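Worksheet: one structure, shown below.
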Amino acid sequence: DAMVIQNPRYQVTQFGKPVTLSCSQTLNHNVMYWYQQKSSQAPKLLFHYYDKDFNNEADTPDNFQSRRPNTSFCFLDIRSPGLGDAAMYLCATSRVVSGGGDTQYFGPGTRLTVL
Amino acid sequence: KQEVTQIPAALSVPEGENLVLNCSFTDSAIYNLQWFRQDPGKGLTSLLLIQSSQREQTSGRLNASLDKSSGRSTLYIAASQPGDSATYLCAVRGNTPLVFGKGTRLSVIA
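Same order as they appear, the protein sequences are chains A and B. As numbered in our numbering, the first sequence has no gaps in its residue numbers, which increase by one up to the final residue, 116. As numbered in our numbering, the second sequence has no gaps in its residue numbers, which increase by one up to the final residue, 216.
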């Protein structure tokens, strides 16, 4: 029944040790997004894919990368996590990037802890 | 650049009260506005979606209104319950993906 699935739900990594977060969807949506949400802050868009077209937000650090090998899966790679990267990472999907009559569906999130 | 503000940042009310959460946005050229609920340490649960052509949406004890021209939305919660305690986020969608406010943290005291 789940439509947007994120694994793992909780991830602990060490300072500087690369980590990959996973998102999959059963909606067959064209667009997949990654948001970062720090404590008591608004979710902040890192990047999104429209099909295979990658769109990076201007202020997303180079430390964050993403891969989308197929329609269903999207990965967030953090090359060298710092303490400031500890956050909730939210994956979302939609049919189109903007416009009415469409909405973004969110996964349950992955909480990343950096030791 | 779209900016979304939510007031108040935190709110504590006794059980049974009706309450209003506020959301404002700077660019009125939006397609829709969405209210989400977030429990501590959890992901987002969509509550209500209002299209730009609509004035309000209702779901159970929740009613959301939209005044697009003034850049405002309100979420009205009737007869609040302790189970309503959570953070409520407002997000708008225009020619960009969803832009979020920081949320209002609601505590309903039994």
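Where a beta carbon is used, it is the ideal one built from N, C-alpha and C, also for glycine. What you are looking at is a predicted structure, and each value in this text was computed from that prediction instead of being measured.
Limits of the beta strand (DSSP E) - the one that residue i falls within
{"i": "residue 179/B", "result": "178-183"}
{"i": "residue 131/B", "result": "125-131"}
{"i": "residue 164/B", "result": "162-165"}
{"i": "residue 217/B", "result": "Residue 217/B is absent from the structure shown; chain B starts at 107 and stops at 216."}
{"i": "residue 112/B", "result": "110-113"}
{"i": "residue 187/B", "result": "Element bounds for residue 187/B: n/a, residue is neither H nor E."}
Cβ of residue i within 8 Å of any chain B Cβ
{"i": "residue 112/A", "result": "yes"}
{"i": "residue 94/A", "result": "no"}
{"i": "residue 42/A", "result": "yes"}
{"i": "residue 99/A", "result": "yes"}
{"i": "residue 50/A", "result": "no"}
{"i": "residue 85/A", "result": "no"}
Closer than 8 Å to chain A by CB, residue i
{"i": "residue 178/B", "result": "no"}
{"i": "residue 203/B", "result": "yes"}
{"i": "residue 161/B", "result": "no"}
Beta-ladder partner(s) of residue i, from DSSP
{"i": "residue 173/B", "result": "178/B"}
{"i": "residue 34/A", "result": "49/A and 93/A"}
{"i": "residue 142/B", "result": "152/B and 195/B"}
{"i": "residue 22/A", "result": "77/A"}
{"i": "residue 206/B", "result": "197/B"}
What alpha helix (DSSP H) runs, 4 residues minimum, are completely inside the stretch 46-112 of chain A? Along the stretch 46-112 of chain A, the alpha helix (DSSP H) does not occur as any fully enclosed run of 4 or more residues.
Examine the Cβ distances between the stretch 199-206 of chain B and the stretch 128-141 of chain B and report whether three or more of them are shorter than 8 Å. By the Cβ rule, the stretch 199-206 of chain B counts as touching the stretch 128-141 of chain B, because three or more pairs are nearer than 8 Å.
So, does the stretch 163-171 of chain B touch the stretch 53-69 of chain A, judging by three or more C-beta pairs under 8 Å? Output reads no: the stretch 53-69 of chain A does not touch the stretch 163-171 of chain B.
Taking contact to mean at least 3 C-beta pairs separated by less than 8 Å, is the stretch 12-28 of chain A in contact with the stretch 172-184 of chain B? By the Cβ test, the stretch 12-28 of chain A is not in contact with the stretch 172-184 of chain B, since fewer than three Cβ pairs between them sit closer than 8 Å.
If we count Cβ pairs, one from each stretch, closer than 8 Å, do we get three or more for the stretch 74-91 of chain A versus the stretch 107-114 of chain A? Taking a contact to require three or more Cβ pairs closer than 8 Å, the stretch 74-91 of chain A and the stretch 107-114 of chain A qualify as touching.
Any contact between the stretch 28-37 of chain A and the stretch 109-128 of chain B? By contact I mean 3 or more CB pairs, one from each, below 8 Å. Short answer: they don't touch.
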